[in-house]
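The sequence shown: position 37 = 110 (my numbering), numbered continuously. Backbone N, C-alpha and C fix where the C-beta goes; we use that ideal spot for every residue, glycine too. Since we're looking at a predicted model, the values are computed, not measured.
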Amino acid sequence: MINAYKAYWKRYFDFKGRTSRSNFWWAILGQFIVSIVVGFLARMLDTNAVNSLWSLITFIPGLSLNVRRLHDVDHSGWLVLLAYIPIILLMVSLTLTTASLLMSAEAASGGFGLATIVFGILALIVVIYFIILFVKQGVQGTNRYGMPDND
Numbered sequence: 074m075i076n077a078y079k080a081y082w083k084r085y086f087d088f089k090g091r092t093s094r095s096n097f098w099w100a101i102l103g104q105f106i107v108s109i110v111v112g113f114l115a116r117m118l119d120t121n122a123v124n125s126l127w128s129l130i131t132f133i134p135g136l137s138l139n140v141r142r143l144h145d146v147d148h149s150g151w152l153v154l155l156a157y158i159p160i161i162l163l164m165v166s167l168t169l170t171t172a173s174l175l176m177s178a179e180a181a182s183g184g185f186g187l188a189t190i191v192f193g194i195l196a197l198i199v200v201i202y203f204i205i206l207f208v209k210q211g212v213q214g215t216n217r218y219g220m221p222d223n224d
């Protein structure tokens, strides 16, 4: 796990090549554990700034890790953008729903609630699709994205 997590940080801006299934999941586990520690630290300091800063710091290496994992299963890294579309739409819909609720109860019946449900379901479908891709075994040998990484 430690080597996979080190590789996660060493390949911060590396959107080329491949990341094996085991290295991907070990890096995810390492990131999860560190994020829990950061969350406790933020709670002790009574600030959300620590979590926000941590999210900004880890966005790019997380994105590059996802791209390399997609490469390992022979999919374009651009597919990652597919994951962000329903999530962004869901966030916009939630924001509009909240804003309309704050304005008045009558304005809240403007259909944003239905849109939020639809975008939430789409986001869930996309997450399930990516989990399926990420648990697949990578292509054996060289593919169009290069050699597999060493486990």
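Cα atoms of R141 and M176: separation of roughly 45 Å, rounded to the nearest angstrom.
Within its own chain, the residues whose Cβ lies closer than 8 Å to the Cβ of V111, once the five positions on either side in sequence are excluded, are V123, N124, W127, listed in chain order. Per DSSP, the continuous alpha helix (DSSP H) segment holding S166 begins and ends at 153-176.
The DSSP-derived three-state label of G186 is helix.
Looking at V208, T189, L197, the one whose alpha-carbon comes closest to that of I101 is V208. For R142, the uninterrupted alpha helix (DSSP H) run begins and ends at 122-145, by DSSP. For N216, the beta-bridge partners assigned by DSSP are G219.
Within the same chain, Cβ atoms closer than 7 Å to the Cβ of Q210 are found at R94, the five residues on either side in sequence being excluded.
Annotation for V199: L155, A156, P159 place their beta carbon closer than 7 Å to its own, counting only its chain and skipping 5 residues before and after.
Straight-line measurement puts the Cα of I205 at about 14 Å from the Cα of H144.
A Cβ-Cβ contact shorter than 7 Å links G219 with R91.
Residue range 75-83 is occupied by the alpha helix (DSSP H) that includes Y81.
Rounded to whole angstroms, the gap between the alpha carbons of T170 and T189 is 8 Å.
Distance between N216 and N223, taken at the CA atoms: about 15 Å.
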